[in-house]
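If you read the protein sequences in the order shown, they are chains A and B.
Position 90 of the first sequence, counted from 1, bears residue number 89 in numbering that gives the first Met the number 0, the numbering being contiguous throughout.
Position 80 of the second sequence, counted from 1, bears residue number 79 in numbering that gives the first Met the number 0, the numbering being contiguous throughout.
Beta carbons are placed, not taken as given, at the ideal position from N, Cα and C, and that holds for glycine.
Read through the structure below, which is laid out as structure tokens, and then see the notes.
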Amino acid sequence: MSFDIRLRINERIAVIELTGELDAAAAGRFHDTVDEAATAGAIELVIHAAHLSYLSSAGLRSLVFARQKMGDEVRIAVVGAPEPVARTIRLAGFDHSISLVDA
Amino acid sequence: MAQTKVLVLDERRGMPPGLRDALDHVGAEVHVRSPGEVLAASPGRLPEVTVLLASAELAPHTVRSVARRLDDEGQQPSVVAFAEHDLHLLDHHVIAGADYLAPPFHPDLVRARLRDCHERAQFSRTMEDVAAHAELLSYERELEIGREIQLGFLPDSLPSPKDWEIHVRFRPARTVAGDFYDVFEIVNRRRLALVVADVCDKGVGAALFMALIRSLLRHTAEQSGLQSLIAAELMGEDAGWAEHSRAIPVVGATPLLNAVAGTNNYLTRNHIRQGYFATMFFAVLDPATGNLVYINGGHNPPVLLSADGGEPVLLEPTGPAVGVIPDVDFSLGYARIGPGDTLFIYTDGVTEARSADGEFFGEEQMVGQLGEAAVRGEELLDHMDGALSEFVGRAEQSDDITMMAVHWNPPGAPAA
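Here is the structure:
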């Protein structure tokens with residue numbers, strides 16, 4: 000299943016765009032990209048998820064890592080996630096540590 | 000023997016006429032290149048060869064560079080140095096590990112040398128296959144270890160209180176995920192603990208955390224069960240009355256809260272860096288009344304199916320997944336399994352099962368199938384198994400699938 004990830008950093012706001020399926024196979028690339036954003040000193044992480052079709056439990060785990068990596072003071076927002084992905088995040092109760100934002 | 004493919008390497012793109020004749024005579028396919036041409040060739044533009052026939056006038060390190068370049072293309076030809084007059088030039092090449100050809104270039108001698116090369120090339124390919132296979136085996140072994148851990152922490156058998164039917168289907172995925180289930184008696188055998196949980200991610204790590212989480216839950220629930228019973232009795236609490244009042248803790252609620260909150264605190268205190276968490280549905284059932292007190296920690300909502308065919312009820316989360324948020328509060332949920340009713344508890348392997356075209360089974364279809372099934376208990380699991388198999392078809396199962404059906408079947412209960 001395909002997965003694509005893009006990162007751009009503007010004024011210390013890191014924007015990650017996800018396309019396809021974030022599962023165990025894709026989690027490594029997601030971690031690397033979050034590392035890159037953290038190293039660049041991003042003060043906010045915005046994850047565009049409009050084209051994210053699936054988030055597995057391994058994908059949820061990588062959101063936990065993103066939360067840890069960025070530190071508590073960095074706001075992490077998942078923007079425009081399709082309902083099944085948003086539901087996965089809400090079900091696990093992660094919508095308290097990560098903001099779910101409509102597009 | 001297949002046709003030998005030879006790359007002749009010479010600075011001036013030449014070769015001794017006798018050698019050329021011999022190669023033609025044995026029917027070899029011959030390509031002649033200078034080292035510069037090979038090194039500068041763009042990827043995929045080099046001929047496929049089994050023998051690199053290098054002029055001894057070239058420096059051994061030049062030949063080595065060319066061999067490496069071919070290696071990048073996935074070719075491992077045998078290296079053979081040749082010389083026409085200055086035979087002493089062969090020494091360095093032979094010391095560097097090459098084979099050699101020297102005059103006279105009789106076709107039979109050349110053929111024999113090429114055949115050796117061919118066999119050696121095949122042998123080295125076989126070795127690579129063996130190495131690749133060994134690597135695969137060690138991966139398979141890891142999967143096997145993960146599965147052994149997982150299976151070793153599942154109960155051998157389930158308790159069966161009178162008039163209750165509790166059945167489980169557990170279909171582990173090939174790539175070890177971390178599903179588990181448990182059913183055990185607590186509070187002096189007066190209550191039944193029911194657990195279905197899913198540790199995030201896959202692999203041996205997930206299996207180890209499954210073992211840890213299952214043990215913490217069971218141990219804490221079993222240990223705190225007695226204390227809470229004693230406390231309840233010391234306080235003169237009437238269990239039967241407490242059961243119907245949500246303001247007052249019901250028997251079994253203490254072990255439930257201790258187990259889930261205790262496990263959450265243990266994980267977030269000691270293992271937060273590893274990032275493992277579990278979604279879980281943990282319920283305490285009173286077999287005498289069908290009353291259920293539960294915590295749903297970020298888990299797919301179990302489905303309560305009533306005997307009279309009424310609308311299925313989903314038991315939504317009462318807290319987040321366990322192991323992520325330190326000191327979080329878990330609320331208690333309450334439900335009742337009436338006579339003839341069935342509680343269906345499952346993991347996301349069911350809703351996220353995929354067809355060959357990548358479609359998900361989904362909650363809607365699952366609840367639909369549960370409602371349609373005119374059966375309860377074990378037959379309901381058979382029905383869901385069948386529906387899943389049909390949906391998935393020949394696609395590979397990528398996640399563990401766990402389903403538990405808890406059915407109350409007292410004498411005279413309404414039939415499904």
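- Item | Residue environment, Thr317(B), which counts as buried when at least 16 other CB atoms sit within 10 Å | Here residue 317(B) corresponds to residue number 318 of the second sequence, with the count starting at 1. By the neighbour-count rule (16 or more Cβ atoms within 10 Å), Thr317(B) is buried.
- Can you find a CB in chain B that lies within less than 9 Å of the CB of Leu59(A)? Taking the first residue of the first sequence as 1, we reach residue 59(A) at position 60. Leu59(A) counts as touching chain B.
- Quick one, which of Leu6(B), Asp162(B) and Gly26(B) has its alpha-carbon nearest Gly411(B)'s? The residue labelled residue 411(B) in the question sits at position 412 within the second sequence. Of the candidates Leu6(B), Asp162(B) and Gly26(B), the one whose C-alpha sits nearest the C-alpha of Gly411(B) is Asp162(B).
- Give the interface partners of Lys201(B) over in chain A, defined as CB-CB distance under 7 Å, in chain order. Numbered from its first residue, the second sequence carries residue 201(B) at position 202. Those within 7 Å of Lys201(B) in chain A are Ala23 and Ala57.
- Query: Under three-state DSSP, which class holds Leu266(B)?
  - Reply: As a position in the second sequence, residue 266(B) is number 267, starting the count at 1. Note: Leu266(B) maps to helix in three-state DSSP.
- Any C-beta of chain A under 9 Å from that of Ile324(B): Residue mapping note: residue 324(B) aligns to position 325 of the second sequence, counting from 1. By this cut-off, Ile324(B) is an interface position.
- If you measure from the beta carbon of Thr401(B) to each beta carbon in chain A, is any gap under 9 Å? On the second sequence, residue 401(B) is found 402 positions in, with the first residue counted as 1. Cβ-Cβ to chain A under 9 Å: no for Thr401(B).
- By the 10 Å Cβ neighbour count, where 16 or more other Cβ atoms means buried, how is His92(B) classified, buried or exposed? Working through the second sequence from its first residue, we reach residue 92(B) at position 93. Looking at its Cβ environment, which holds 16 or more other Cβ atoms inside 10 Å, His92(B) is buried.
- Query: Shorter than 9 Å from the beta carbon of Arg268(B) to some beta carbon of chain A?
  - Reply: By 1-based counting over the second sequence, the position of residue 268(B) is 269. So no, Arg268(B) is outside the interface.
- Task: Classify Ile247(B) as helix, strand or coil using the three-state DSSP reduction.
- Result: Taking the first residue of the second sequence as 1, we reach residue 247(B) at position 248. Unreliable positioning characterises Ile247(B) in this predicted model, as indicated by a pLDDT of 49, which lies under 50. The coordinate reading is nonetheless provided below. Ile247(B): coil per DSSP, three-state reduction.
- Could you check if Val79(B) is buried or exposed, using at least 16 other CB atoms within 10 Å of its CB as the buried criterion? Within the second sequence, numbered from 1, the residue matching residue 79(B) stands at position 80. It counts as buried.
- Item | Nearest residue (CA-CA) to Val195(B), options Ser388(B), Val7(B), Gly348(B) and Val50(B) | If you number the second sequence from 1, residue 195(B) lands on position 196. Looking at the Cα atoms, Gly348(B) is the closest of the given residues.
- Quick one: residues in its chain with C-beta nearer than 8 Å to the C-beta of His50(A), no 5 flanking neighbours on either side, listed in chain order? Numbered from its first residue, the first sequence carries residue 50(A) at position 51. For His50(A), where only same-chain residues beyond five positions count, the Cβ hits under 8 Å are Glu16, Leu17, Thr18 and Gly19.
- Message: Just checking Pro160(B) against the ligand MG - is the residue's beta carbon closer than 8 Å to any of the ligand's heavy atoms?
- Response: Looking at this structure, you won't find the ligand MG or any other ligand, since it has none at all.
- Could you check which residue in Glu82(A), Ala91(A) and Arg89(A) has the C-alpha nearest to that of Ala102(A)? In the first sequence, the residue the question calls residue 102(A) occupies position 103. Among Glu82(A), Ala91(A) and Arg89(A), the Cα nearest to that of Ala102(A) belongs to Glu82(A).
- Task: Specify whether the region 145–154 of chain B and the region 119–129 of chain B touch according to this definition: at least 3 beta carbon pairs, one from each stretch, less than 8 Å apart.
- Result: no
- Query: From the DSSP output, which residues share a beta bridge with Val77(A)?
  - Reply: Working through the first sequence from its first residue, we reach residue 77(A) at position 78. Partner(s): Ile46(A) and Leu99(A).
- Query: Helix, strand or coil for Glu236(B) per DSSP?
  - Reply: Along the second sequence, one-based indexing puts residue 236(B) at 237. A caution first: Glu236(B) carries a pLDDT of 44, below 50, which makes its placement in the model too unreliable to give a value.
- Message: Please list the terminal residues of the continuous beta strand (DSSP E) segment that includes Ile344(B).
- Response: Mapped onto the second sequence, residue 344(B) falls at position 345. First-last of the beta strand (DSSP E) with Ile344(B): Thr341 to Tyr345.
- Cβ separation of Val293(B) and Phe280(B), assumed to be a contact under 8 Å, to the nearest whole Å: Within the second sequence, residue 293(B) is the residue found at index 294, counting from 1. Within the second sequence, residue 280(B) is the residue found at index 281, counting from 1. The sequence shown places Tyr at residue 293(B), rather than the Val named in the question. Confirmed, about 7 Å.
- Along chain A, which residues have their Cβ under 9 Å away from the Cβ of Phe276(B)? Taking the second sequence and counting its residues from 1, one reaches residue 276(B) at position 277. What Phe276(B) touches in chain A: Ser56, Leu59, Arg60, Val63 and Ala91.
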